[in-house]
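Trainee: First the structure, then my questions, so here it is.
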Amino acid sequence: MFVSPRWNRAKLSLAQRKDRVAQKKASFLRAQEQEAADS
Numbered sequence: 004m005f006v007s008p009r010w011n012r013a014k015l016s017l018a019q020r021k022d023r024v025a026q027k028k029a030s031f032l033r034a035q036e037q038e039a040a041d042s
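In my numbering, the protein residues as written are 4 to 42.
Given below as structure tokens:
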């Protein structure tokens, strides 16, 4: 009987994870710049 893996996400490849991290960092830095510009 096959039980689908409910809790753990499928592992991303290393490249995919790096890409996601890069995007998060980019959006985070943009947010920081917005904050600095506003204040």
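Glycine is no exception: its CB is placed at the ideal position from the N, C-alpha and C atoms.
Please report the distance separating the alpha-carbon of Asp41 from that of Ser7.
Mentor: Translated into the one-based positions of the sequence shown, residue 41 becomes position 38. Translated into the one-based positions of the sequence shown, residue 7 becomes position 4. Their Cα atoms are separated by approximately 47 Å.
Trainee: Helix, strand or coil: how does DSSP classify Lys28 here?
Mentor: Taking the sequence shown and counting its residues from 1, one reaches residue 28 at position 25. Helix at Lys28.
Trainee: So with Cβ pairs under 7 Å, would you call Arg20 a contact of chain D?
Mentor: Among the protein chains of the structure shown there is no chain D, as only one such chain exists.
Trainee: Out of curiosity, what's the CA-to-CA distance linking Lys27 and Trp10?
Mentor: Counting from one through the sequence shown, the residue named residue 27 turns up at place 24. Counting from one through the sequence shown, the residue named residue 10 turns up at place 7. Rounded to whole angstroms, Lys27 to Trp10 spans 23 Å at the Cα level.
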